[in-house]
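A.B. asks: Residue numbers (this note's numbering), protein chains in the order written: chain A, 1 to 328; chain B, 1 to 537; chain C, 1 to 281. This is the structure I have questions about; it appears just below.
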């Protein structure tokens, strides 16, 4: 894409992102009102539903006796000013709870994604290059196995293997409790704790990317320009790198964007199994307590993450593929 | 010593294919400074021969016998690395589809420089690129080199391919149908370019094609292939004007003779009249740039009963769009489409239905124009059944029609994939005739067929037209076919009809410059196919 | 028809998948016979390792038979998987067909709607939905269907778009067939293959989703499902590993089988694509 068109492209995508987020906020609003029972008790959450004074205060705050569109406006205004509600159970604003835990989740999902992409693309490329050989069959079977196993079960099995039976790696939390480490020692400690959760979350997506990369590499390898490259006398290695791989990666980038939402969702399961202190764990605890404001806050926060990530992948795609024209 | 010698080359096909070998016992040679044309229909093995010389055969097609020698060096025993070094350097190849033959993500200049870099030219490679682009007559080579392939037209991309192939001045150039996917005017430019470069550098060229016109235009010597074997070879003049082998004779007899006969003007009533028909496509929605394409504008023509009007032009000329406007597959936004005086354009879907019976269409792609999941009998009977004919009667009629198009009635219960391209076109014709239409629109009905099959289908159409008194609107890009089939012809360029009139007048004494350019671009138009009376008649 | 089975059988993995699937379905169907009574009933002492007291796969924290739980759980998983897939297909096929065939504004609207649903984190939404509507069988099926329909709509739309401009569909228009007749007799039969393949993969995903929801405690409390079994074994994994391992294997085998069957169906319905997938000439 022509570099001068970049700002316009970003602006358009940015507007689209804001619209999506608005729609999600409206979605949240509708959910509150679609739930059985009094919206105030939904907002209060199970713990707060018993407190009549709190309910009355909520009713006034959200104007629940006012017409629906006014309520919607108040709600949207609230979220836009980053007022995500109050958790009665934890006695803290939802925004604070989410902001505290967000970095941990970002670390986990970032590590898992990095692992998944690198390992997956490498495996897929290898399988495509040696298509039909035992290496290809092995990789395909491995990918299928990782793809078919439930995420949380893989986590549990890894806990069993490395935490209980072999006792090689820590299986709970992000850092060793009470150790008060800093600097490089802290990094190593977090890293040791990060290894299993990131592996768990990443294995499924590694399988996805491996299968996808293999399929697109095989498809691209059949195309005419690859034959042209060989006819020019380009060595096989360069044909694979410059011609096949570059073109095969485009669908992978698109797919990564689409998968982002599911990756974040998977974090909930992984954080639950490994007691990783991120927003996923927060969601699980809120689930147990039926603390709806926190749940919705997590929903909103994860949506923001996904939208931001999609923006990045769109940008990356547009930079790599010169055919992407400036369109809406 | 010949530049390229192929002796007794045999390549096997995987088990289960329609014959055991892709090519059998191929022996040919190409000398310096000559163009050898390899002619054949699809499946004749010509591409496989070319790929075998370059060492680009897939593993599934092993070479079983024979030798290949390039500049005296035996290629057949060489390892892959040695063969790779020769590719691009001593022998080069260009392919058929310019739209997919270049890496879409790399700049054009980089792709040309790659050839030079790979063969050791190093850092200086990039400097030579503008000079190479200029040598193939591409304008503004400096900025073109920085462009990506999608910005170039088909003809420009093919020139880039040629520049890439010739960068290291190879002794042998293999061209695998390089002009088949190009417009006729672009094709002529590329053919002339190849001829010019070949003469200048004294290269040997192996040019693969299925078009005898191209052979007549550029060949020094000719090799004719059928079913994987060479059936005839010799000097161009000999093979073209005095063919010996029955297959060669059949192929040449099938070439449309290109000379239109004078036909008396018809005085029959007007069946179809188009007045000011226009169709514009708008791209882009609420966001992003708008692009408007005037596919058809100011289209006026008249078609009388019993005559055949040809719409001729290159791709993008609007001929298919205009034809589709008649049957409402494309909805024009302006103009009148008068069928026996009644304007069809404003009609609703329901009001149009009775007219459907009287106007029918035959499509171009035999592999996409029949529903793969229905039997042939049902496909043909569908039309009449939709318009109220009882099923039994419709199926009986389908059987009769199959006989009319010279297919055996057993075809009724088979599925389309069991038939060849030519047979499927016949089924398509039968389907159109089932409705007993007055007006038949034929949208490039033979363009996707091999030349011998083409002749058969054209003969069938002529036969049916005469017998049933059909009026036809015939769309084609092939001027020879138009000359043979059409009474009157309308030449289209970029959405407008630039000239129309009786075929012999338009082709004999063209007035519009575009028509003249089009006629000049017919390959081998100086050659008249000899009149071959089949001795085994 | 026999052509189809012959092509299917060429893919060994697909045959294995089909066998496994049939076995799972059999177990689900005959669960009340093999393990009579309710799986919630106590069958022996708690935390018995596999093989003791006639319980092949051990017992859980309340002395319930793990094997019985898995067998009865098969019914829940297959049921939820099938029903939610059907629901998702109904929504997805309809929307995709509308978008693909009508084009224009309808297409734009449906696509924006679909894109929105694909952007939001689907699992989080599912959790939210089940939590708010209280976990029952219907709310779980509903939630899974809601997050699963977008890929169907995309595939169906793509197929319809490509088929709509195919020449045999244009020929049907020229013949004067009604729009409905064209969709039903010309387009749909040719669009079915990718839908069928997608459906088998969707059942697999639905089973994974359902087990994840049950694991988090969001399954129907009256139904014993595989996810629930694993969830209940989580806190006692140090002393009763079999509670978590075996149900997980059950999920793994079923999902694997569905994926293999999906690939086999794809090969059988699209022989040309099968060759590119395997890289054979």
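For each residue, glycine too, the CB sits at the ideal point set by N, CA and C.
#1: Rank 524/B, 489/B and 528/B by C-alpha distance to the C-alpha of residue 509/B and give the top, closest one.
#2: Please confirm whether any heavy atom of the ligand PLP lies closer than 7 Å to the CB of residue 6/B.
#3: Give, in chain order, every unbroken run of the alpha helix (DSSP H) that is at least 4 residues long and sits entirely within the stretch 205-255 of chain A.
#4: Of the choices 60/A, 189/A and 241/A, whose alpha-carbon is the least far from that of residue 226/A?
#5: Please report whether the beta-carbon of residue 276/C lies at a distance below 8 Å from any beta-carbon of chain A.
#6: Considering only residues of the stretch 45-113 of chain A, which uninterrupted beta strand (DSSP E) runs meet the minimum length of 3 residues and lie entirely inside it, listed in chain order?
#7: Report the rounded CA-to-CA distance for residue 253/C versus residue 247/A, giving the unit in angstroms.
#8: Could you list the residues in the stretch 264-296 of chain A with a C-beta less than 8 Å from some C-beta on chain C, going in chain order?
#9: The stretch 113-128 of chain B: which residues have C-beta closer than 7 Å to a C-beta of chain A, in chain order?
#10: Suppose you measure from the CA of residue 330/B to the CA of residue 311/B; what does that come to, to the nearest Å?
#11: I believe residue 112/A touches residue 198/A by the beta-carbon criterion, under 8 Å. Please report the beta-carbon distance rounded to the nearest angstrom.
#12: What in chain B is Cβ-close to residue 247/A, meaning under 9 Å?
#13: Would residue 243/C and residue 60/C qualify as a contact pair, given that the criterion is a beta-carbon distance under 8 Å?
#14: For the alpha helix (DSSP H) holding residue 134/B, just list the boundary residues, first then last.
#15: Please classify residue 416/B as buried or exposed, where buried requires at least 16 neighbouring CB atoms within 10 angstroms.
#16: Given this structure, state the Cα-to-Cα distance separating residue 97/A from residue 293/A, to the nearest angstrom.
#17: Could you tell me whether any Cβ in chain C is nearer than 8 Å to the Cβ of residue 142/A?
#18: Using a Cβ cut-off of 8 Å (strictly closer), state whether residue 170/C contacts chain A.
#19: Is DSSP giving residue 486/B helix, strand or coil here?
#20: Skipping 5 residues on each side, what residues in its chain have a beta carbon closer than 6 Å to that of residue 123/C?
#21: If you check the beta carbons only, do residue 8/C and residue 217/C fall under 8 Å apart?
#22: I'd like to know if the stretch 511-529 of chain B and the stretch 345-354 of chain B are in contact, where contact means that at least 3 CB-CB pairs between them fall below 8 Å.
#23: Could you give the first and the last residue of the continuous beta strand (DSSP E) run that contains residue 91/B?
#24: Name, please, each residue of chain A whose Cβ falls closer than 9 Å to the Cβ of residue 85/B.
#25: Kindly say whether residue 500/B, judged by its beta-carbon, lies nearer than 8 Å to any beta-carbon of chain C.
#26: Kindly indicate if chain B contains any beta-carbon less than 8 Å away from that of residue 112/C.
#27: If you drop the 5 nearest sequence neighbours on each side, which residues of the same chain put their C-beta closer than 8 Å to that of residue 90/A?
#28: Just checking: is the beta-carbon of residue 288/B within a distance shorter than 8 Å of some beta-carbon in chain C?
#29: Can you have a look at residue 217/A and say buried or exposed, based on whether 16 or more other CB atoms are within 10 angstroms of its CB?
#30: Taking C-beta to C-beta, are residue 421/B and residue 448/B nearer than 8 Å?
#31: According to DSSP, simplified to helix, strand and coil, what is residue 300/B?
#32: Under 8 Å, CB to CB, which of the residues in the stretch 143-168 of chain A have a partner in chain C?
#33: Could you check where the alpha helix (DSSP H) with residue 319/A kicks off and where it finishes?
#34: Give me the subset of the stretch 303-328 of chain A whose CB atoms are less than 7 Å from a CB atom of chain C, sorted by chain position.
#35: Measure the alpha-carbon distance for residue 227/C versus residue 215/C and round it to whole angstroms.
#36: Rounded to whole angstroms, what is the Cα-Cα separation between residue 8/A and residue 322/A?
C.D. replies: Taking the coordinates as given:
#1: Mapped onto the second chain, residue 509/B falls at position 509. That would be 489/B, whose Cα lies nearest to the Cα of residue 509/B.
#2: Summarising the ligand content, the structure contains no ligands, and the ligand PLP is consequently not present.
#3: Every alpha helix (DSSP H) stretch that sits fully inside the stretch 205-255 of chain A and reaches 4 residues is listed by chain position as 224-231.
#4: For the purposes of this step, residue 226/A is taken as the residue at position 226 of the first chain. By alpha-carbon distance to residue 226/A, the top candidate from 60/A, 189/A and 241/A is 241/A.
#5: Along the third chain, read from residue 1 onward, the residue named residue 276/C stands at position 276. For residue 276/C, the pLDDT reaches just 42, beneath the cut-off of 50, and the residue's location in the model is therefore unreliable, although a value from the coordinates is still provided. At a cut-off of 8 Å between beta carbons, residue 276/C contacts chain A.
#6: Counting only runs that start and end inside the stretch 45-113 of chain A, there is no beta strand (DSSP E) element of at least 3 residues.
#7: Taking the third chain and counting its residues from 1, one reaches residue 253/C at position 253. Taking the first chain and counting its residues from 1, one reaches residue 247/A at position 247. The straight-line gap separating the alpha-carbon atoms of residue 253/C and residue 247/A is approximately 35 Å.
#8: Within the stretch 264-296 of chain A, the residues whose Cβ lies closer than 8 Å to some Cβ of chain C are 264, 265, 266, 268, 269, 272, 273, 283, 284, 287, 288, 290, 292, 295 and 296, listed in chain order.
#9: From the stretch 113-128 of chain B, only 114, 115, 118 and 119 have a Cβ closer than 7 Å to chain A.
#10: Here residue 330/B refers to the residue found at position 330 of the second chain. Here residue 311/B refers to the residue found at position 311 of the second chain. Rounded to the nearest angstrom, the two C-alpha atoms are 17 Å apart.
#11: Here residue 112/A refers to the residue found at position 112 of the first chain. Here residue 198/A refers to the residue found at position 198 of the first chain. With a Cβ gap of about 5 Å, residue 112/A and residue 198/A count as contacting.
#12: For the purposes of this step, residue 247/A is taken as residue 247 along the first chain, with counting starting at 1. Those within 9 Å of residue 247/A in chain B are 103, 104 and 105.
#13: As a first step, residue 243/C must be located in the third chain, where it is residue number 243. As a first step, residue 60/C must be located in the third chain, where it is residue number 60. Going by beta carbons, residue 243/C and residue 60/C fall inside the 8 Å limit.
#14: The residue labelled residue 134/B in the question sits at position 134 within the second chain. 125-135 is the span of the alpha helix (DSSP H), which, as asked, contains residue 134/B.
#15: What you label residue 416/B is simply residue 416 of the second chain in a count that begins at 1. Flag for residue 416/B reads buried.
#16: Residue 97/A sits at position 97 when you count from the first residue of the first chain. Residue 293/A sits at position 293 when you count from the first residue of the first chain. Put simply, the backbone Cα of residue 97/A is about 11 Å away from that of residue 293/A.
#17: Translated into the one-based positions of the first chain, residue 142/A becomes position 142. Taking CB atoms only, residue 142/A has no neighbour in chain C less than 8 Å away.
#18: As a position in the third chain, residue 170/C is number 170, starting the count at 1. For residue 170/C, the closest Cβ of chain A is not nearer than 8 Å.
#19: Walking along the second chain from the start, residue 486/B turns up at place 486. In the structure shown, residue 486/B sits in coil (DSSP, three-state: anything other than H, G, I, E or B).
#20: Looking up residue 123/C in the third chain gives position 123. Exclusion of the five residues before and after residue 123/C leaves no residue of its chain whose Cβ lies closer than 6 Å to its Cβ.
#21: Reading the third chain from its first residue, position 8 is the one you call residue 8/C. Reading the third chain from its first residue, position 217 is the one you call residue 217/C. Contact check for residue 8/C against residue 217/C fails: the beta carbons are separated by 8 Å or more.
#22: Taking 8 Å as the limit for Cβ pairs, the verdict is that the stretch 345-354 of chain B does not touch the stretch 511-529 of chain B.
#23: Position 91 of the second chain, counting from 1, holds the residue named residue 91/B. That run of the beta strand (DSSP E) goes 91-94.
#24: What you label residue 85/B is simply residue 85 of the second chain in a count that begins at 1. Within chain A, the residues near residue 85/B are 233.
#25: One-based indexing of the second chain puts residue 500/B at position 500. No, residue 500/B does not count as interfacial toward chain C.
#26: By 1-based counting over the third chain, the position of residue 112/C is 112. Against chain B, the CB of residue 112/C has no partner CB under 8 Å away; the residue lies outside that interface.
#27: Within the first chain, residue 90/A is the residue found at index 90, counting from 1. Here the set comprises 97, 291 and 294.
#28: Here the question's residue 288/B lines up with position 288 in the second chain. Because residue 288/B carries a pLDDT of 49, less than 50, the predicted location of this residue cannot be relied on, and no value is offered for it.
#29: To locate residue 217/A, count along the first chain from 1; it is residue 217. Classification for residue 217/A: buried.
#30: Here residue 421/B refers to the residue found at position 421 of the second chain. Here residue 448/B refers to the residue found at position 448 of the second chain. Result yes, Cβ atoms of residue 421/B and residue 448/B sit closer than 8 Å.
#31: By 1-based counting over the second chain, the position of residue 300/B is 300. In the structure shown, the three-state DSSP call for residue 300/B is strand.
#32: Listed by position, the residues of the stretch 143-168 of chain A near chain C (Cβ gap below 8 Å) are 144, 145, 147, 148, 149, 150, 151, 152, 153, 156, 157, 159, 160 and 164.
#33: In the first chain, counting from the first residue as 1, residue 319/A sits at position 319. Where residue 319/A is concerned, the enclosing alpha helix (DSSP H) stretches over 292-320.
#34: Hits within the stretch, in order: 303, 306, 307 and 310.
#35: Taking the third chain and counting its residues from 1, the one referred to as residue 227/C is at position 227. Taking the third chain and counting its residues from 1, the one referred to as residue 215/C is at position 215. Separation of residue 227/C and residue 215/C (C-alpha to C-alpha, rounded to the nearest whole angstrom) is 5 Å.
#36: Walking along the first chain from the start, residue 8/A turns up at place 8. Walking along the first chain from the start, residue 322/A turns up at place 322. Annotation: residue 8/A to residue 322/A spans about 16 Å, alpha carbon to alpha carbon.
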